[in-house]
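Scroll down for the structure; my scribbles are underneath it.
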Amino acid sequence: MPAVTLLVKVYSSSQLEDVESNLKATLKGLKVEIKTLGTISHGWPQISISGEDETVAVRFLADEIGLCPTSLDNLERFSTTKGYITELDKSMNELYLDIGVFSPDNLCAVIPLQRLQTQLADGRKIALRKLSELYGLHENLPLTVKIVTMDKESSRVEAMLSEKQLKMYANWTKSLLDRLLVFGASLYEVQLALKNADCNRETIEIESLGTFEHAVVCKLGTDAAGLIPKIGRGLREAALGVYNPRRIIEFFGSDFALLASG
Numbered sequence: 012m013p014a015v016t017l018l019v020k021v022y023s024s025s026q027l028e029d030v031e032s033n034l035k036a037t038l039k040g041l042k043v044e045i046k047t048l049g050t051i052s053h054g055w056p057q058i059s060i061s062g063e064d065e066t067v068a069v070r071f072l073a074d075e076i077g078l079c080p081t082s083l084d085n086l087e088r089f090s091t092t093k094g095y096i097t098e099l100d101k102s103m104n105e106l107y108l109d110i111g112v113f114s115p116d117n118l119c120a121v122i123p124l125q126r127l128q129t130q131l132a133d134g135r136k137i138a139l140r141k142l143s144e145l146y147g148l149h150e151n152l153p154l155t156v157k158i159v160t161m162d163k164e165s166s167r168v169e170a171m172l173s174e175k176q177l178k179m180y181a182n183w184t185k186s187l188l189d190r191l192l193v194f195g196a197s198l199y200e201v202q203l204a205l206k207n208a209d210c211n212r213e214t215i216e217i218e219s220l221g222t223f224e225h226a227v228v229c230k231l232g233t234d235a236a237g238l239i240p241k242i243g244r245g246l247r248e249a250a251l252g253v254y255n256p257r258r259i260i261e262f263f264g265s266d267f268a269l270l271a272s273g
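According to this note's numbering, the sequence shown is numbered sequentially starting from 12.
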């Protein structure tokens, strides 16, 4: 009965039930029994899997959802993984990412500001706070990153945004559509909040960035920031952010979107 730790952020104990339900639906058809064991470290859910198809199930979860590496020994240089922004105000020179390393101690990967400036600002010397404002970098935002360097003696891991992540931002910017970012709510809760606030006519779809992190795609001309007071009452436990492509283009210049889209 192997126990695995999912690379998924859980914000409350009640969300563990959602995780278990989602897993059972995802693994339907496989001969396995799934049980939620609780959370480890900073909200990582740990589950046990047993049964005839447990090996297949674990491999599937690793590919489709992601498993915490748990230890620095399980990370590889140049590998791609998911991390969640944490302690956003801890440093003006580095972006911290919780990547699921917590044994023997909690360890975050960092993206140096200069690397972010290269990837997100065409090398311009822009403060981390401003980049966060422009790109909606928010506590618990999941990002796909590539591990660049690892120093086990100093327990330091440096990363960079992956090509997949940069492509997502390029597509978001090119679309010119605002996105309302939601952190700490299930897809159903976001759908219900939009319905109750009568905002479905102002939105196109909901993109899931993680199990409890989503981007609500607004229709052209709809201001994502304007949706916050409308649906905020229905998502009291969630945090909300905004991705505004027009603000990025206005800040960097009209040719920046073309540069980002490659």
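Every residue, glycine too, gets a C-beta built ideally from N, C-alpha and C.
Measuring alpha carbon to alpha carbon, tell me which residue in the options is nearest residue i.
| i | options | result |
| --- | --- | --- |
| L131 | V159, T184, E164 | T184 |
| G195 | E213, C210, E216, G221 | G221 |
| T129 | V156, L172, E87 | L172 |
| K39 | L83, L72, L152 | L72 |
| N255 | L142, R247, N85, I51 | L142 |
| A226 | D64, W55, L205 | L205 |
| R212 | E174, S23, V228 | V228 |
| E248 | L41, V15, Y22, S165 | Y22 |
| I45 | G54, H53, W55, G62 | G62 |
| Y95 | Q26, L17, L246 | L17 |
| S90 | T155, G134, I259 | T155 |
| S186 | L231, A170, P153, P123 | L231 |
| F223 | V168, R140, N151, I122 | N151 |
| E261 | L145, T81, W55 | L145 |
| E218 | N182, D133, V15 | N182 |
| A250 | I122, V201, C210 | V201 |
| L41 | V30, V67, T214, D133 | V67 |
| I58 | L27, D133, N85 | L27 |
| P123 | N117, A170, P56 | A170 |
| L108 | N85, G147, I76, P153 | P153 |
Taking the C-alpha atoms as reference points, what is the distance between residue i and residue j?
| i | j | result |
| --- | --- | --- |
| S102 | K178 | 26 Å |
| D74 | T92 | 11 Å |
| E105 | K241 | 34 Å |
| E216 | A208 | 15 Å |
| L270 | L127 | Low confidence applies to L270: its pLDDT is 44, below 50, so where it sits in the model is not reliable, and the reading given next is rough at best. Using only the alpha carbons, I get a separation of about 16 Å. |
| R257 | T233 | 12 Å |
| C119 | R135 | 26 Å |
| L191 | S32 | 26 Å |
| S265 | I259 | 9 Å |
| S272 | Y180 | With a pLDDT of 42 at S272, under the threshold of 50, the modelled position of this residue cannot be trusted, and the question is left open. |
| V253 | D64 | 42 Å |
| F263 | D100 | 24 Å |
| G243 | S24 | 21 Å |
| G237 | R140 | 22 Å |
| E98 | K163 | 22 Å |
| H53 | T214 | 32 Å |
| L203 | V30 | 18 Å |
| I239 | S197 | 17 Å |
| E174 | V43 | 35 Å |
When every heavy atom of the ligand MG is checked, does at least one fall within less than 8 Å of the C-beta of residue i?
| i | result |
| --- | --- |
| A132 | The ligand MG is not among the ligands present in this structure, which contains no ligands whatsoever. |
Count the other CB atoms within 10 Å of the CB of residue i; is the residue buried (16 or more) or exposed (fewer)?
| i | result |
| --- | --- |
| Y199 | exposed |
| A36 | exposed |
| Q125 | exposed |
| A235 | buried |
| P13 | exposed |
| D189 | buried |
| P115 | exposed |
| K20 | buried |
| E87 | exposed |
| L48 | exposed |
| A138 | exposed |
| S165 | exposed |
For the putative contact between residue i and residue j, defined by C-beta atoms under 8 Å, what is the C-beta separation to the nearest angstrom?
| i | j | result |
| --- | --- | --- |
| F113 | I158 | About 17 Å separates the two Cβ atoms, so there is no contact after all. |
| L83 | M161 | 7 Å |
| P80 | I110 | 7 Å |
| V193 | L246 | 6 Å |
| V69 | V15 | 6 Å |
- List in chain order: all unbroken alpha helix (DSSP H) runs of 4+ residues lying wholly within the region 155-194. For the region 155-194, whole alpha helix (DSSP H) runs of length 4 or above, ordered along the chain, are 174-186.
**Study point:** Inside the region 61-132 only - alpha helix (DSSP H) runs reaching at least 4 residues
**Key:** Complete alpha helix (DSSP H) runs here, min 4: 65-75, 124-131.
- Item | Every unbroken beta strand (DSSP E) within the region 193-237, with a cutoff of 3 residues, ordered by chain | For the region 193-237, whole beta strand (DSSP E) runs of length 3 or above, ordered along the chain, are 214-219, 224-229.
_Runs of alpha helix (DSSP H) wholly within the region 20-47 (minimum 4 residues, chain order)_ = The qualifying runs are 26-37.
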